[in-house]
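In our numbering, the protein residues as written are 18 to 327. Have a look at the structure below before the remarks.
Below is the structure:
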């Protein structure tokens with residue numbers, strides 16, 4: 018049998034990579050990536066300067082979560098004339114995953130020098146600047162990225178706006194509170210539901226200014242007034258702010274005294290604050306309102322055991 022040439026290995030790798038686009042399971046996807054990686058490495062063993070194989074190998078390494086190797090591979094591709102805009106952006110994305118914010122900015126800048134409106138490069142650059150605490154530059158970068166009409170279809174707007182608002186706050190700008198209020202009002206339907214980005218919850222846990230703004234947005238009925246305090250209590254609980262969660266659940270119970278969910282939130286807020294007797298009483302009230310619910314008896318058992326262990 019005739020030995021395979023480098024190009025044969027490359028084409029086999031491309032076939033495996035293209036097969037990954039229609040993988041039915043995560044396991045199948047990972048297998049396709051690993052097969053593609055093996056083929057690209059076989060290609061490069063025969064032709065170390067094969068630019069397409071270098072770039073595709075880097076792409077697959079990133080997909081496999083091997084970001085440090087992906088960055089190294091993309092740098093190697095750049096040295097052989099393979100530093101396309103997309104590969105520079107891929108290298109920036111991997112650098113950001115590794116927490117290398119300075120390298121991310123440099124790579125994004127190189128991509129933007131060739132393609133000034135490249136949206137992913139704009140977002141990566143803005144995020145890296147925010148995470149690096151280069152806040153004045155970050156706000157300017159976010160303003161540019163957020164002005165792109167295509168951003169909502171490709172990136173989580175709530176996360177982008179939250180990072181921008183954090184930079185505005187750290188700069189001590191006079192409009193910091195107003196920026197947060199606008200964020201929590203405009204993004205209420207994301208913030209107040211289970212898909213709330215982790216960065217928002219982390220910010221609420223850490224920032225008094227953001228907490229004040231979120232409370233103001235709830236007062237305004239942002240996201241729909243009927244159950245706004247119930248949704249607010251859920252957010253506060255996920256942000257590890259039990260006192261605010263308790264206050265919100267009390268506001269909801271003042272409006273809907275027989276709300277099972279509000280009683281559960283009140284119980285969870287007491288439990289999170291270490292007030293276990295109050296938590297048991299609130300869970301009992303919730304169980305009386307919905308005797309068939311399976312979760313409340315389970316939580317009651319846990320909280321009673323914690324109380325008995327004191």
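All residues carry an ideal CB built from backbone N, CA and C; glycine is no exception.
- If you look at residue 267, you'll find it in the alpha helix (DSSP H) that goes 259-272.
- When the alpha-carbon of residue 204 is set against those of 190, 64, 291, 174, the nearest one is in 174.
- By the CB criterion at 8 Å, residue 181 and residue 221 fall outside the cutoff.
- With a 10 Å radius around the Cβ and a threshold of 16 neighbouring Cβ atoms, residue 193 comes out buried.
- Within the segment 114-154, not a single complete beta strand (DSSP E) segment reaches 3 residues in length.
- Here DSSP, grouped into helix, strand and coil, assigns residue 291 to coil.
- Burial state of residue 319 is exposed, judged by a 10 Å Cβ sphere holding fewer than 16 other Cβ atoms.
- Residue burial is scored here from C-beta neighbours: residue 35 has fewer than 16 other C-beta atoms within 10 angstroms and is therefore classed as exposed.
- With a beta-carbon spacing of about 7 Å, residue 63 and residue 22 fall inside the 8 Å limit used to define contacts.
- Setting aside the 5 residues that flank it on each side, residue 291 has no residue in the same chain whose C-beta is closer than 7 Å to its C-beta.
- Out of 41, 199, 252, the CA that lies nearest to the CA of residue 216 is found in 252.
- The residue from 106, 190, 325, 274 with its alpha-carbon nearest to that of residue 120 is 106.
- Taking the C-beta atoms as reference points, residue 123 is found no nearer than 8 Å to residue 172.
- Here the segment 47-59 makes contact with the segment 71-78; the two share three or more CB pairs at distances below 8 Å.
- Cβ atoms of residue 209 and residue 249 come within 8 Å of each other, at about 7 Å.
- The three-state secondary structure of residue 224, taken from DSSP, is coil.
- Residue 196 is classed as buried because its beta carbon has at least 16 other beta carbons within 10 Å across all chains shown.
- If you draw a straight line from the Cα of residue 247 to the Cα of residue 178, it comes to about 24 Å.
- CA-to-CA, the gap between residue 265 and residue 288 works out to about 15 Å.
- A straight line joining the alpha-carbon of residue 225 with that of residue 296 spans about 26 Å.
- Annotated as proximal: residue 129 and residue 138, with beta-carbon spacing under 8 Å.
- The three-state reading of DSSP puts residue 44 in helix, counting H, G and I together.
- The beta carbon of residue 184 is closer than 6 Å to those of 147, 152, 155, 156 in its chain, skipping five residues each way along the sequence.
- Per DSSP, reduced to three states, the secondary structure at residue 71 is helical.
- Scanning 282, 255, 324, 102 for the CA closest to the CA of residue 313 turns up 282.
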